[in-house]
Structures are given as structure tokens and as C-alpha cells.
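Participant:
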Amino acid sequence: MYGAATPGGAFCLPPCPRFPHGEHMHPIDWNESLHIGVATIDEQHGRLTDTINALLLAYMQGQEREVLAGIINELHDYAHTHFATEESLMRRFDGQYSELTIHLQQHTMFFTRIVDFLLEYVGDPQGELTPEVLDFLTDWWKTHVTGIDARFGKFLNQQGIQ
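In C-alpha cells form, the structure reads like this:
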């Protein structure tokens, strides 16, 4: 994980240029409870979580726009790789995986609502990256992994995929 965390899980980076009054952003604590039981996907989830946490940390530290842009581009590129892996597995069991449509919709939403906004920030020198956007990103990711991805993991385990 990137950065030091307080016992409550918040990044502890005083002094923080973006939060002079001691506010914190909470990284995603990647641990066994978030694993879905499919090694390839768990590894990819861990890498995406590290990338999201790196973005939070860079933002909190007041890093230059170029640093944030590099992390955002990495998140975009690796999310495509990860979703392609999941979607390939979903289609392998087409007709058997009951949440195929909604799962694909969630992946599309991730790009249209979150990543596209982040890429817009990268391309617009006047664009603002806000704590609210980053909170939405972390909340969406945790909800997705612990919800539909966890159910997908159980489905794959029932098909003999670990």
C-alpha cells in the first residue's frame, strides 16, 4: 500500500498541501476479505486498488498535474485490461452467468462516469480534481468488488475456476 495509514485507515501525511486543516482521505485497505477466490482477478484487483491508492496519495501530497495524469492514465489502461479479463470469463459462460448484462453495464459506467471524468481532467489544464470525485471512485470500486465481483467469483468457483 502507498503511504502511511492511521489506525482508522486514513492517510496520515501532515502537512498536507490540499488539506491544511488535517482532513484525510481513506485509502482502500486491500486484504483477504476483498478477495473473490479467483487468483487472476484477485491479483488484478490488488493492482487496481494500489493504483487508486497511489492517486489518492499523490492528490493528498499536492503532486504536480503530470504525476496525477500518469496515475490516471495507468488506472485507465489497466482497468481496460482487467475488465477484458472478467468479460472474457463472463462470455465463456454465456447463458449461465445470470448477472452478465448488469455486470457489463457497471464496467461501462466505470468508464463513462469515472475514468472519462479523470481523463477530462488530464486533458484540460483548467480542470479540477476534487476529493468528491476521488471519494466516488473509491466507493464505487469497493462496492463493485464486494458486490457483483464477489458474486461472480462464487459463480466461477462453482464452475471450477480458482
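Under full-length UniProt numbering, the final residue of the sequence shown carries the number 162; numbering is consecutive throughout. For every residue, glycine included, the Cβ atom is placed at its ideal position computed from N, Cα and C. All values derive from a computational prediction rather than experimental measurement.
Classify Met-109: buried if its beta carbon has 16 or more other beta carbons within 10 angstroms, exposed otherwise.
Facilitator: Result: exposed.
Participant: Give the C-beta separation of His-82 and Leu-48 to the nearest angstrom, bearing in mind that I take them to be a contact with Cβ-Cβ under 8 angstroms.
Facilitator: Contact holds; Cβ gap of about 6 angstroms.
Participant: Alpha carbon to alpha carbon, what distance is there between Gly-46 and Met-25?
Facilitator: So the two alpha carbons sit approximately 19 angstroms from each other.
Participant: In this structure, does DSSP put Phe-93 in helix, strand or coil?
Facilitator: In the structure shown, Phe-93 sits in coil (DSSP, three-state: anything other than H, G, I, E or B).
Participant: Short of 6 angstroms in beta carbon distance, which residues of its chain neighbour Leu-68, apart from the five on each side in sequence? Order them along the chain.
Facilitator: Same-chain partners within the cutoff: Ala-58.
Participant: Assuming Ile-137 contacts Ile-52 (C-beta within less than 8 angstroms), just tell me the rounded distance between them.
Facilitator: Sequence inspection shows Leu at residue 137; the Ile mentioned does not correspond to that position. That pair is a contact at about 6 angstroms.
Participant: With a threshold of 16 other CB atoms inside 10 Å of the CB of Pro-125, please say whether the residue is buried or exposed.
Facilitator: It is exposed - the Cβ of Pro-125 has fewer than 16 other Cβ atoms within 10 Å.
Participant: From what residue to what residue does the alpha helix (DSSP H) around Asp-116 run?
Facilitator: First-last of the alpha helix (DSSP H) with Asp-116: 116–123.
Participant: Determine whether the beta carbon atoms of Asn-73 and Val-38 lie at a separation below 8 angstroms.
Facilitator: Taking 8 angstroms as the Cβ cut-off, Asn-73 and Val-38 do not qualify as a contacting pair.
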